[in-house]
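S.K.: Okay, here's the structure, questions in a sec.
There are 2 protein chains.
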Amino acid sequence: MKSRKISVHIADDHKIIIDGIIAVLEDEEDIDVVGFSTDGTELINWYKNNNKCDVLILDINMPEISGVDVLYFLKQRNLIQPTVVLSSYDDIKLIKEVLKLGVKGFIAKRCAGKHIVNAIRAVIHEESYFGPSIQELIVKNFSNKTSKVNNEISQDGIHISSLTDREIEILKLIADQKSTREIANALFISVNTVETHRKNLIKKIQVKNVVGLALYAVKHELV
Amino acid sequence: MKSRKISVHIADDHKIIIDGIIAVLEDEEDIDVVGFSTDGTELINWYKNNNKCDVLILDINMPEISGVDVLYFLKQRNLIQPTVVLSSYDDIKLIKEVLKLGVKGFIAKRCAGKHIVNAIRAVIHEESYFGPSIQELIVKNFSNKTSKVNNEISQDGIHISSLTDREIEILKLIADQKSTREIANALFISVNTVETHRKNLIKKIQVKNVVGLALYAVKHELV
DNA sequence: TGTTATATAACGGTTTTCCGTTAACTAAAA
DNA sequence: TTTTAGTTAACGGAAAACCGTTATATAACA
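What follows is the structure, encoded as structure tokens:
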């Protein structure tokens, strides 16, 4: 009656995390780590070489080619498969994006290792698994849906989900060292409009200046 | 003839890394993980409660109280002990700083897990252990000591070691969203001087504006 | 003893950011 | 159908950042 082991590929730019996850999974008899990648390019090449696994453990924040980029690559080739996404920070927008890409597992890195095991077992059966902090976030997001306090400050600062798409777009460009004029030209809007957006961002995020915006962008992995 | 196990405490704000290291160390019969902390405050409290371990595995980049802060705390209380420092980025200034604080082990997180085991075995015997990339960096730093190309651009951008202490000090304050006037007041120097430093920083680091400086500061864990 | 690196400071001019406020248009939601 | 959220836009004034350049003092180094 014993079925085949679950094969897992791990992608993370920190080798130490890969080794850690491998070590955690070694204790699980039904799970087998069949490969790993330390950046997005490596992972994509792994797929291009027709390698396969049952579950992909995917870090979002990798240099050059990010985890999200990899997911878009997989979607393009109809290779989307059971995946557990790892992220340093909770970000409801990111969760929504990877959810749309068919990802069912989502875990913050600060969570304990056992959650990875749970997540693997869940996604292999097409079930969803969210780490504890993510669950909270989703619940909060749903309950806030109709409330008017969406833009108010929570105990740990404003959440990125309260920024509009346009604001995030402009925030990214600011964090890319673009001046207001450059942003205006890039988006075909007025300099005044960009200034308004910047002003609103500074107010919403509650920082002092563009430096604060850049730090926020880094923290939420927008750069 | 068999001696006591080496007791280890692990401090890292990513629980998943802690669990990973624990799993890696589980395979080692002579090493025992006796505790862990997910931030600097927790770790300091652990020491305040008179807990002890043979080797401390210490992540540098933790929120609120950083690994370096913890080392200063330990130094103040003459509690400096065999320590392996973990860092996401190589930074010769950081290495020098922790070396001065008595740290003998230094590993980049991108390194494989086995290096941690090697490092633990080294520092417990008062020997030094540097991960592969760190070794390279140290060698490069020594060979560059007398050369004049110290400030030139390497393939992956300028290295933090080419910034002076004062520049790093000012860079930190800029990344802390302080204005030029605020920095001048804080350091009891002229606004003009701070502007000169900022200008030099932008030129040296090859960025466009303060946003670029902030990003650089984050990348090199100065914030 | 020159040479170099570092920290300090000044200055005039330009550009950009910052701040408050107002307002029009649109699409979606109550 | 009003209300709300989001995007767009404008304006005037203050503050800050940016840029090139120059210059002095000091300490360390060759």
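Chains as they are written, first to last, in numbering that gives the first Met the number 0: chain A, 0 to 222; chain B, 0 to 222.
Heads up, the beta-carbon is just placed ideally off N, CA and C, and yes, glycines get one too.
1. When you compare each of L162/B, I188/B, V67/B, Y128/B to I43/B by their alpha carbons, which one comes out closest?
2. Exposed or buried, I9/A, counting other C-beta atoms within 10 Å across all chains shown (16 or more means buried)?
3. Smallest Cα separation from E27/B: which of V116/B, V206/B, I173/B?
4. Can you grab the Cα-Cα spacing for the pair L212/A / H124/B, in whole Å?
5. Should R197/B be labelled buried (16 or more other beta-carbon atoms within 10 Å of its own) or exposed?
6. Just how far apart, CA to CA, sit K47/B and D11/B?
7. Closest Cβ-Cβ distance between L226/B and chain A: below 9 Å?
8. Put F72/A into one of helix, strand or coil per three-state DSSP.
9. According to DSSP, S86/A sits in a beta bridge with which residue or residues?
10. Leaving out five residues on either side along the sequence, give the residues of the same chain with a beta carbon under 7 Å from the beta carbon of D58/B.
11. One question on the structure: do V122/A and T82/A come within less than 9 Å of each other, judged by their Cβ atoms?
12. So, is the C-beta of L100/A closer than 9 Å to a C-beta in chain B?
13. For D175/B, collect the residues of the same chain with a Cβ closer than 8 Å to its Cβ; drop the 5 residues on either side in sequence, then sort them by chain order.
14. Using three-state DSSP, classify H13/A as helix, strand or coil.
15. Quick check: the region 201-218 of chain A against the region 167-186 of chain A, are at least 3 beta-carbon pairs closer than 8 Å?
16. Give the DSSP bridge partners of F35/B, in chain order.
17. For E41/A, which residues in the same chain have their Cβ closer than 8 Å to its Cβ, ignoring the five residues on either side in sequence?
18. Going along the region 172-185 of chain A in order, which residues come within less than 7 Å of chain B, judged by CB to CB distance?
19. In the region 6-23 of chain A, which residues sit with their C-beta less than 7 Å from some C-beta in chain B, listed in chain order?
20. Any idea if R109/B is buried or exposed, counting beta-carbon neighbours within 10 angstroms, 16 or more meaning buried?
21. Mind listing the chain A neighbours of G66/B? Cutoff is C-beta to C-beta under 9 Å, in chain order.
22. Around the C-beta of D164/B, are 16 or more other C-beta atoms found within 10 angstroms, so that it is buried, or is it exposed?
23. For G112/B versus G19/A, is the C-beta distance shorter than 9 Å?
24. To the nearest angstrom, report how far apart G60/B and I119/A are at their CA atoms.
25. Evaluate G101/A with the Cβ neighbour count: other Cβ atoms within 10 Å of its Cβ, from every protein chain shown; 16 or more gives buried, anything less gives exposed.
26. Would you mind giving the Cβ-Cβ distance between I38/B and I64/B, rounded to the nearest angstrom? I have them listed as a contact below 8 Å.
27. Below 7 Å between beta carbons is the criterion; list the residues of the region 188-213 of chain B that meet it against any residue of chain A, in chain order.
28. Report all residues from its chain with a CB closer than 7 Å to the CB of P62/A; omit the five preceding and five following residues, and keep chain order.
29. R109/A CB to nearest chain B CB: under 9 Å?
30. Where do the ends of the beta strand (DSSP E) carrying I56/B lie?
31. Is any beta-carbon of chain A found at less than 9 Å from that of L73/B?
32. Which residues in chain A have a C-beta closer than 8 Å to the C-beta of V222/B? List them in chain order.
33. Can you tell me whether DSSP reads I169/B as helix, strand or coil?
34. Hey, is V32/B's beta-carbon within less than 9 Å of any beta-carbon in chain A?
35. Roughly how far, in whole angstroms, is the beta-carbon of I15/B from the beta-carbon of I16/A, given that I think they are within contact range, below 8 Å?
M.R.: So, from the listed chains and residues:
1. V67/B
2. buried
3. Nearest neighbour of E27/B by Cα position, chosen from V116/B, V206/B, I173/B, turns out to be V116/B.
4. When rounded, the separation of the alpha-carbon atoms in L212/A and H124/B is 46 Å.
5. buried
6. 18 Å
7. Residue coverage of chain B in this structure runs from 0 to 222, which leaves residue 226/B outside it and unanswerable.
8. helix
9. A107/A
10. A10, D11, D12, G66, L85
11. yes
12. no
13. V222
14. Under the three-state reduction of DSSP, H13/A is assigned to coil, being neither helix nor strand.
15. yes
16. I9/B
17. Closer than 8 Å at Cβ, skipping near neighbours: A10.
18. I173, A174, Q176
19. D12, H13, K14, I15, I16, D18, G19, I20, A22, V23
20. R109/B should be labelled buried.
21. The premise fails here: G66/B is roughly 15 Å from chain A at the closest Cβ pair, so nothing lies under 9 Å.
22. exposed
23. yes
24. Correcting the residue identity first, residue 60/B is Asn in this sequence and not Gly. Roughly 29 Å separates the two Cα atoms.
25. exposed
26. Sequence inspection shows Asp at residue 38/B; the Ile mentioned does not correspond to that position. Contact holds; Cβ gap of about 7 Å.
27. V206, K207, N208, V209, V210, G211, A213
28. Contacts found: D12, D38.
29. yes
30. 54-58
31. no
32. L214
33. Helix at I169/B.
34. no
35. 7 Å
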